[in-house]
Every structure is written in C-alpha cells, then in structure tokens.
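In numbering that gives the first Met the number 0, the protein residues as written are 0 to 191.
Backbone N, C-alpha and C fix where the C-beta goes; we use that ideal spot for every residue, glycine too.
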Amino acid sequence: MASSNILLILFSISIMLYMAYGQGHDYLKKVCSVTRYQSLCIHSLSHFSSPASHSTSGWARAAVSVTLAETQEAGQYLVKLKTGGGGARMRGRARIALSDCVECFSDAVLLLHSALGEMRSLERETFASQISNVETWLSAALTNQNTCIDGFQEFKVGPQVRMITSKVLNTTHFTSNALALVNKLASSGQSG
Numbered sequence: 000m001a002s003s004n005i006l007l008i009l010f011s012i013s014i015m016l017y018m019a020y021g022q023g024h025d026y027l028k029k030v031c032s033v034t035r036y037q038s039l040c041i042h043s044l045s046h047f048s049s050p051a052s053h054s055t056s057g058w059a060r061a062a063v064s065v066t067l068a069e070t071q072e073a074g075q076y077l078v079k080l081k082t083g084g085g086g087a088r089m090r091g092r093a094r095i096a097l098s099d100c101v102e103c104f105s106d107a108v109l110l111l112h113s114a115l116g117e118m119r120s121l122e123r124e125t126f127a128s129q130i131s132n133v134e135t136w137l138s139a140a141l142t143n144q145n146t147c148i149d150g151f152q153e154f155k156v157g158p159q160v161r162m163i164t165s166k167v168l169n170t171t172h173f174t175s176n177a178l179a180l181v182n183k184l185a186s187s188g189q190s191g
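This is the structure in structure tokens:
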C-alpha cells in the first residue's frame, strides 16, 4: 500500500513538472517567434525561463546577457589566435584582418556591456531614450561582428578562416536575436 502511494506521488510530481516545462517551453517558443534564429533563441534562453517568466523586458535582458557572453568568448578565442600559435601562421593581409577582427570584437563587447547596463536600469520615465540607446548599441555591435567576417571574405577558405567565420557568425546570430527581442520590447513600450 505504501509503495502504491509513493508511486502515485511520484507520478503526480512528474505530471506537474511536465506541465510546467511544457507551458514554459511553449511561452519561450512564442517569445522567440520574433527572432530570425528561433531554435538558437529557444536553446540559449531556456535556462532563463524562471527569472524572465512572462516579462518582455526580462527576455530581452536575458538575450543581451547571453549575447555578451558569446561575444566575449569569441573575442577571447580571436585574441588567443592572434597571440598564440594559430595566428602566427597567418601572414600579410590575413594577419591584418585578424587584428582588425580582434579590435571589432573588443568594441562589440564594450557596446554589449553598455546595452546590458542600460537594460538593467530601465525606468518608465526614460524608457524610450534608454531603449533607443540599447537598440543603437546592439546594432553597432552587430556591425562590428559583420565587419570582422567581411575582413576574411577575400581569403582562401582554410581551417582557420572557417573556424573564425563560424565563431563570428554564431555571435551575429545571438546579436540578431537579442536585437529582435529588444525591438519587441521597444514596440511594447513597457519598462518592466
């Protein structure tokens, strides 16, 4: 008898967890429907389900935070490539393109830091100007990331160039998604 009660309790808990996850996942799919890279959006924001809940502002802030982390990681990779063994094999214009790319990512990280800081301090009275700043900074970060990719377009596609392009392109997808969620927040006009 006791074992059947335990099984009933475990079954009830598993159904509640399934329903909670299913509803949260459905809501996240709805949130990410405005983004260009929806599966990336869902995957990258799924662990923010509780903190962001049903807040447009929370989802946008989470997307900017994830974008900043991804951009920092890619920037660190580029710096290691430039200063380590891999970048030493790059010569001439390819080495210059790598240096430019490192600089672009350094600027992008600063812009994303500014955007995240602004997202954390949104006020009802200054919402329009603050969200405009965030949109501008995200757009500028995306431009920097794309500029990095453009620097490698003229070179033969080798393993290093493919890896650089892949990592940088990945950050542009995160930034695009973050910008879409911030644009959604801007159109809603809600600071909270």
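| Check | Outcome |
| --- | --- |
| Do Lys183 and Leu77 count as a contact pair if the criterion is CB distance below 9 Å? | no |
| Could you check the C-alpha separation between Leu178 and Lys81 for me, to the nearest Å? | 29 Å |
| State whether the segment 141-153 contacts the segment 31-43, with contact taken as three or more CB pairs (one from each stretch) at a distance under 8 Å. | no |
| Which value, in whole angstroms, describes the spacing of the CA atoms of Met162 and Leu180? | 28 Å |
| Can you tell me which of the three DSSP states Ile12 falls into? | Model confidence at Ile12 stands at a pLDDT of 40, short of 50, so the residue's coordinates are unreliable; what they give is reported in the following sentence. Helix. |
| Please go through the same chain and pick out, in chain order, the residues whose beta-carbon is closer than 7 Å to the beta-carbon of Asp106, but skip the five residues on each side of it. | Asn143 |
| In the DSSP assignment, find the unbroken alpha helix (DSSP H) run with Phe173 in it and report its ends. | Pro158 to Ser187 |
| Examine the Cβ distances between the segment 59-68 and the segment 111-128 and report whether three or more of them are shorter than 8 Å. | yes |
| Residues in the same chain with beta-carbon distance under 7 Å from Lys28, minus the five sequence neighbours each way, listed in chain order, please. | Ile41 |
| Give the secondary structure of Arg111 by DSSP, where H, G and I count as helix, E and B as strand, and everything else as coil. | Inspection of the sequence shows that residue 111 is occupied by Leu rather than by Arg. In the structure shown, Leu111 sits in a helix (DSSP, three-state: H, G or I). |
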